[in-house]
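Residue numbers (the working numbering), protein chains in the order written: chain C, 1 to 130; chain P, 131 to 260; chain G, 261 to 390.
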């Protein structure tokens, strides 16, 4: 289970392209965090360029307005899983959506299975980390 | 103390209905997380339906564009409190705002009392978990 | 490293004023969380006043529509650093952007260095807490 916020600059991609990008991002989480395809919870927000203020962390990235910031809330995932997710996200968004690897920032915050209810006010997966 | 993000689809509810929904959500947190009524910190964001991408976690929920995603940041709360909050949120949003229990997703992330300042740059409740 | 969401009411400040506010907020994080200037990751969102629902936590703050809600995701920072950040944020936003200290709410959520990738799918600072 994951709740994913995808923040990007408005007007840089068609609705179809935004959707394709979100589709790829979800597929990467399915593959690296071992979640079922149906565990998709994504919130996309488009901003004016002035509202997405992104440095380069002294890493000489060539940031552009194509920048994509992905924030993932997920129950306990291993360092290995996170590394795999970061790597695959950059690769797949480049391959499938043409996103420069310079234009991708990802952060993760962990919670637990007991922190999620997917409907009817019930904790469906408290023990399993899906 | 809680910071609550409520994400929903634009154009499905009147401003009055959105406010009523937020009021109910806050009342549920007051009742289940034992916070005073004045500890209300809610950010509502309305999205185009294409930007709120929600699966069913293989639980056969009938998701519609009435979907409500609630994300709560709160200092340490017990599993019992979270279960009570989820249950009551689904019940009260159905009773008071007509929200189908199929259309409610909630996640929680915990921090501590020392992670909050409500004004004047002061940590008002570092010891108490309000 | 920090991911900062700044939520405020639309129409209360010019684009230049919003930018100045974000600049000051970043400078405060640089000074108190010991991050390089280039570690800037801010997402500003402007809301209608009905969508930013903010109480006073029984602290008799005179909240107005100038309200600013800052949410910071950062790897492990000490209680001392957080206190310094809160204090300096309130002071500097007042001094430089004219923000009433009654109109500032800040919350922090921690993660770890391993939870960040700033580009190319690589974890750049897993050991260092920048």
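Where is the CB? At the ideal position from N, CA and C, for every residue including glycine.
Source: prediction; values computed, not measured.
Does the beta carbon of residue i come closer than 8 Å to any beta carbon on chain C?
i	result
residue 240/P	yes
residue 142/P	no
residue 250/P	no
residue 294/G	no
residue 338/G	no
residue 213/P	yes
residue 131/P	no
Check this for me: beta carbons of residue i and residue j, under 8 Å apart or not?
i	j	result
residue 263/G	residue 301/G	yes
residue 371/G	residue 77/C	no
residue 385/G	residue 366/G	no
residue 51/C	residue 305/G	yes
residue 270/G	residue 331/G	no
residue 131/C	residue 191/P	Given that chain C is displayed from residue 1 to residue 130, the structure contains no residue 131/C and the question cannot be resolved.
residue 231/P	residue 121/C	yes
residue 352/G	residue 278/G	no
residue 393/G	residue 325/G	Examination of residue 393/G is not possible in this model, given that chain G is present from 261 through 390 alone.
Spell out whether any CB of chain P is found under 8 Å from the CB atom of residue i.
i	result
residue 129/C	Residue confidence for residue 129/C is low, a pLDDT of 46 falling below 50, so the modelled location carries little weight; the figure read from the coordinates is stated next. False, the Cβ-Cβ gap to chain P never drops below 8 Å.
residue 317/G	yes
residue 267/G	yes
residue 39/C	yes
residue 290/G	no
residue 374/G	no
residue 123/C	yes
residue 362/G	yes
Check the C-beta distance from residue i over to residue j and give it rounded, since I have them as a contact under 8 Å.
i	j	result
residue 327/G	residue 363/G	5 Å
residue 285/G	residue 349/G	7 Å
residue 261/G	residue 334/G	7 Å
I want to see whether chain G comes within less than 8 Å of residue i, judged by CB atoms only; does it?
i	result
residue 27/C	no
residue 314/P	In the structure displayed, chain P extends from 131 to 260; residue 314/P sits before or after that span and is not available.
residue 105/C	yes
residue 18/C	no
residue 198/P	no
residue 229/P	no
residue 42/C	no
residue 152/P	yes
Please confirm whether any heavy atom of the ligand SAH lies closer than 7 Å to the CB of residue i.
i	result
residue 366/G	The ligand SAH is not part of this structure, which contains no ligands at all.
Ends of the beta strand (DSSP E) at residue i?
i	result
residue 302/G	301–307
residue 120/C	No beta strand (DSSP E) holds residue 120/C; DSSP gives it neither H nor E.
residue 204/P	198–205
residue 236/P	234–241
residue 266/G	263–269
residue 184/P	182–184
Along the chain, where does the alpha helix (DSSP H) containing residue i start, and where does it finish?
i	result
residue 15/C	15–32
residue 225/P	209–227
task: Could you say if the segment 241–253 of chain P and the segment 112–119 of chain C meet the contact criterion of at least three C-beta pairs nearer than 8 Å?
output: Segments in contact, no.
task: Count the CB pairs spanning the segment 292–301 of chain G and the segment 45–60 of chain C that are closer than 8 Å, and state whether there are at least three.
output: Verdict: yes, contact present.
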